[in-house]
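Here the sequence shown is numbered in the working numbering, starting from 628 and rising by one per residue.
Using N, Cα and C, we set each Cβ at its ideal position, and we do this for glycine too.
Just below is one structure, and these are the notes that go with it.
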Amino acid sequence: MDTWRHLILGAFVSAVLGFGQRTSQLERLIEGSEVVAVAEVRDNGFDGTGHQLDLTLVNVLKGDLLAGTVAQVRASPKRPDYSRRAPTVGQGLVFLNSTESGWRLNPVDPLGPGIDSLYLSLPGLSLSIDSPSGAKSIVDRVALELASRVELEGPAGSARLKFFSLVPFWNYGHILQKWAASESPFLRVNGLAGLIASRNSAAILRAVNEWDALAGHPDSGRIHSALSGIRSTDGEIVRALGRLATSPTAPKEAIEGLSYALFAIHTADALPFLAELLASPNKLARPLAVAGFSAFVTNMRRTSDGLAMDEARDEVANPGRRRKLPSAEAPFETEETRRHTHFGPFRDAVEEAKYVAFWKSWYERNKNRLTSATSGEPGPAR
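Have a look at this one:
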């Protein structure tokens, strides 16, 4: 059972939003474990309450245990129905910490339902983990091992999911560039997705320009997921995101994710596309377009998602905190736009129609003056 699929899209978006201060899951596991080793994993089967695992260490990469040591671990899966009743033997990378009674595994996939999520299952790992070409650290060894398996397995395997969810793929641009230049559609799509999540501007523009050719691939969702996490204010990048968000060939998930990206960016370059999204048949795109205009006219701070975004919205929407008008910091904000500033879902279709109509009209009245806003010298709003 492949337990990795629920991690991959979130890993791409998190990588983009957290760029510059990122630590991979693999690095956290290594740092938080006393022992890291390639092991033969014997699962003695589910006995009604849990599993008894016998881990025979083949190659110790971190820690004081010797090869040949057998570490016994008691483990309980999150989902007993995923458990195997019969004994099985596998191979992989294990991360261990000592306890008063023995050892416990640091799970590689904390959300995974079965025993396989407790270690990095890679049959034959012990044969090649010692000295893959170019490897200098445990992270390098695992990254290069997984990358080679991605190329060998293709779309039928799970190595690509493990590569993108575990290792700091943004540090392996040479691998991603090779994949992006490959004749294999599978490697090309995954290489581009990884480069986009690494904030590679050329990959962003290429993905948008080649979207029609890429869209039919089963892994294309990783591309628009990575694009949805972009927060660049570079005009060329913003316009590229806007073109895809408003493309008739864009899938529902891409429209929604890119609409959120344009709202979060809310520069003047985003406004023509937000204006188109006001008329989108996608029911999530329309309120995000209204929010994008609201963020632009109030000059809302650009920040990370989550609590920081909530705080930025509160600064411009809370009557006790927002600026006094007129304000040089928000030259497009007026009493009229303030009455139509809105973030979040609408109560009903009538309320939505009111706000959508206002911002359509506002954009038509002001779009000729918005060009100067791009250069930092916005003209007066109407």
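- Judged by DSSP secondary structure, G821 falls within the alpha helix (DSSP H) whose first and last residues are 812-824.
- In the three-state DSSP reduction, E667 falls in the strand class (E or B).
- CA-CA distance, I850 to T696, rounds to 43 angstroms.
- Between D896 and L871, the alpha-carbon positions lie close to 14 angstroms from each other.
- The C-alpha of L693 lies about 24 angstroms from the C-alpha of T715.
- Excluding sequence positions up to five before and after L841, its CB lies within less than 7 angstroms of the CB of V816, A834, S847, I850, all in the same chain and listed in chain order.
- Assignment of beta-bridge partners to S748 by DSSP yields G719.
- Using a C-beta cut-off of 8 angstroms, the segment 939-948 makes no contact with the segment 871-889, since fewer than three inter-stretch Cβ pairs fall below that distance.
- Assignment of K689 by DSSP, reduced to helix, strand and coil, places it in the strand class.
- Of L911, A891, G690, the smallest CA-CA separation from A976 is found for L911.
- When DSSP assignments are scanned along the segment 857-893, the uninterrupted stretches of alpha helix (DSSP H) that are 4 or more residues long and fall wholly within it turn out to be 862-872, 879-892.
- Look at the beta carbons and you see the segment 943-954 not touching the segment 905-919: under three pairs across the two are nearer than 8 angstroms.
- Of the candidates L771, P734, P899, M936, P734 places its Cα closest to the Cα of P704.
- DSSP places V735 outside both helix and strand once states are collapsed to three, so it counts as coil.
- Nearest C-alpha to Q804 among A783, R826, L788, G784: R826.
- Rounded to the nearest whole angstrom, the C-alpha separation of V721 and V665 is 6 angstroms.
- The residue from F890, P908, S792 with its alpha-carbon nearest to that of L738 is S792.
- Taking the Cα of W730 as reference, the smallest distance to any Cα among G821, L819, M936, E661 is reached at E661.
- Around the CB of K994, fewer than 16 other CB atoms lie within 10 Å, so the residue is classed as exposed.
- Distance between A918 and T925, taken at the CA atoms: about 10 angstroms.
- In the DSSP assignment, the residues bridged to G729 are T726.
- For the options G856, F985, G862, the alpha carbon positioned closest to that of G933 is the one of G856.
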